[in-house]
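Here my numbering = 1-based position in the sequence shown + 54. No residue lacks a Cβ here, since even glycine has one placed at the ideal position from N, Cα and C. Presented below is the structure to which this report refers.
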Amino acid sequence: MIKRLRLTLKRDIDESYDILIGHGLLDNIPLDLKRSPVGSKYAIVTDSTIKDIYGERLLERFKEENLNAYLIDFPAGEESKNLSTVEYIVRRLLQYGLDRKSAIIALGGGVVGDLSGFVASIYMRGISYIQVPTTLLSQVDSSIGGKTGVDTADGKNLIGSFYQPKRVYIDPSLLKTLPEREFISGLAEVVKYGVICSRELFEYLESNVEKIKGRDMDTLLHIIEVSCRIKKSVVEEDPWEENKRTILNYGHTPAHALEKLSGYKCLHGEAVSVGMRISGWVAVRKGFWSIDEWERQNKLLKSFGLPLKMDFNSDELIKTLYYDKKVEAGTLMFVLPRRIGEMASIGGRYKIPVSETELRRFLLELS
């Protein structure tokens with residue numbers, strides 16, 4: 055005889071949070087947290103590069119406000135985005151006595167944010183965390199939406215969780231110290247937003263290439279705010295990436311594979327740029343997108359100094375693509391544009407199947 059017990063759990067959880075954007079925001083974070091606390095004590099998690107540029111400075115501001123804070127750093131680079139670094143951070147959190155009422159502050163780019171968020175999601179079964187992005191890519195994209203994770207030998211972000219931050223502080227003035235290559239890399243994500251959601255943003259980018267490349271602060275503030283508004287609205291509609299949110303992955307299916315095949319020598323935005331050219335061509339060849347708009351996208355990417363091509367073996371690329379999280383029943387799935395500012399869908403679904411035979415042919419046409 056089998057006895058059945060049902061444990062019923064129905065919960066409405068409010069995971070809303072503020073995204074604060076403004077010049078000079080970094081130095082005011084401790085004061086804001088003093089007025090509106092997120093934790094009883096804080097661990098500033100950063101990388102070895104940002105530690106020297108902004109980490110020590112932020113720690114000092116916490117001390118000035120008489121807040122308990124500690125600084126934890128790890129070697130900069132995608133190579134650190136793994137479970138070994140997660141374990142290292144956890145050990146340091148324990149050494150500093152952080153408990154379930156404490157909070158992590160992720161100070162850095164996408165690697166720092168993804169790692170810190172993942173640690174926060176598993177440390178003592180979950181503690182609060184705050185995003186303080188220091189790169190253009192993380193300010194416009196990865197710091198918002200709660201995607202956290204680490205890489206494995208098989209691919210990017212294969213271990214991770216959806217875990218929303220409690221607050222995001224975006225200070226565009228931090229971009230003044232960002233190396234040129236990383237700055238340019240971040241622009242790929244901004245172009246992506248234009249292609250997937252906003253013709254107005256795309257045209258603004260076309261009209262302001264030199265101001266953006268020159269890091270005009272007012273112009274950067276504008277594109278950061280618009281990008282954050284787009285990301286915010288998509289995440290609000292589909293927080294768990296069940297459908298609409300997949301459009302944010304435009305260009306990322308080939309990009310993640312390209313990053314892995316390069317040994318992570320290429321930057322994420324560089325791979326996304328190449329991935330947008332590939333995915334865009336798939337859209338053209340499958341009849342969703344016009345070749346004129348595909349070329350217009352590529353022209354804008356090139357005008358920012360982003361790459362459109364990388365050396366890769368098609369067989370290796372396709373093999374690596376099968377580790378992509380969008381694969382369904384062994385079929386490759388892409389998100390594809392219909393026109394600048396709008397993505398294609400079939401039956402209301404944004405993930406569009408692409409056969410291996412088709413993809414091989416399309417890649418050959420681009421070579």
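For residue i and residue j, I'd like the C-alpha separation in whole angstroms.
i	j	result
residue 258	residue 222	25 angstroms
residue 363	residue 308	12 angstroms
residue 211	residue 240	19 angstroms
residue 293	residue 202	13 angstroms
residue 101	residue 142	13 angstroms
residue 209	residue 370	13 angstroms
residue 169	residue 204	6 angstroms
residue 163	residue 58	49 angstroms
residue 304	residue 333	7 angstroms
residue 347	residue 393	7 angstroms
residue 217	residue 72	15 angstroms
residue 379	residue 408	15 angstroms
residue 60	residue 295	28 angstroms
residue 412	residue 365	20 angstroms
residue 357	residue 275	20 angstroms
residue 56	residue 62	19 angstroms
residue 269	residue 384	43 angstroms
residue 353	residue 126	41 angstroms
residue 86	residue 121	11 angstroms
residue 410	residue 306	17 angstroms
residue 111	residue 213	32 angstroms
residue 341	residue 297	21 angstroms
residue 91	residue 401	45 angstroms
residue 418	residue 349	18 angstroms
residue 180	residue 359	40 angstroms
residue 66	residue 283	24 angstroms
Could you tell me how far apart the beta carbons of residue i and residue j are, in whole angstroms, since I believe they sit closer than 8 angstroms?
i	j	result
residue 355	residue 242	7 angstroms
residue 93	residue 161	Wrong, their Cβ atoms sit about 15 angstroms apart, outside the cutoff.
residue 406	residue 390	5 angstroms
residue 280	residue 316	In fact, because the Cβ distance is near 30 angstroms, the residues do not count as touching under 8 angstroms.
residue 246	residue 330	7 angstroms
residue 192	residue 78	Incorrect: roughly 18 angstroms between the Cβ atoms, too far for contact.
residue 190	residue 237	6 angstroms
residue 104	residue 278	Actually they are not in contact, since the Cβ atoms of residue 104 and residue 278 sit about 18 angstroms apart, beyond 8 angstroms.
residue 88	residue 119	5 angstroms
Are residue i and residue j close, meaning C-beta to C-beta below 8 angstroms?
i	j	result
residue 235	residue 321	yes
residue 325	residue 398	no
residue 328	residue 199	no
residue 159	residue 184	yes
residue 99	residue 134	no
residue 157	residue 182	yes
residue 414	residue 368	yes
residue 129	residue 171	no
residue 149	residue 249	no
residue 132	residue 318	yes
residue 152	residue 64	no
Given residue i, which residues of its chain have a CB within under 6 angstroms of its CB, disregarding the five upstream and five downstream residues?
i	result
residue 116	84 and 123
residue 68	none
residue 26	Outside the displayed span of the chain (55 to 421) sits residue 26, for which this structure offers no information.
residue 299	288 and 292
residue 107	231
residue 343	337 and 391
residue 81	115
residue 42	The chain is shown only over 55 to 421; residue 42 falls outside these bounds and no answer can be derived.
residue 395	252 and 253
Which same chain residues end up closer than 7 angstroms to residue i when comparing Cβ atoms and leaving out the 5 residues on each side of it in sequence?
i	result
residue 147	97 and 177
residue 273	262, 265 and 266
residue 416	335, 336 and 339
residue 314	209, 210 and 374
residue 144	173 and 177
residue 381	387
residue 244	194, 259, 277 and 281
residue 167	160, 185, 187, 192, 196 and 197
residue 361	324, 327 and 328
residue 140	169, 172, 173 and 204
residue 113	98, 123 and 125
For residue i, which residues of its own chain have a beta-carbon under 8 angstroms away from its beta-carbon, when the five flanking residues on both sides are left out?
i	result
residue 285	194, 195, 198, 199, 247 and 302
residue 345	338
residue 271	77, 226 and 227
Tell me, please, whether the CB atom of residue i is closer than 8 angstroms to any CB atom in chain D?
i	result
residue 330	No chain D is part of this structure, which consists of one protein chain only.
Please specify which runs of the beta strand (DSSP E), each continuous and at least 3 residues long, are wholly inside the region 170-215, giving them in chain order. 182-187 and 201-206
Considering only residues of the region 247-305, which uninterrupted alpha helix (DSSP H) runs meet the minimum length of 4 residues and lie entirely inside it, listed in chain order? 253-261, 263-267 and 271-291
Which runs of the beta strand (DSSP E) fall wholly inside the region 99-142 and span at least 3 residues, in chain order? 123-128
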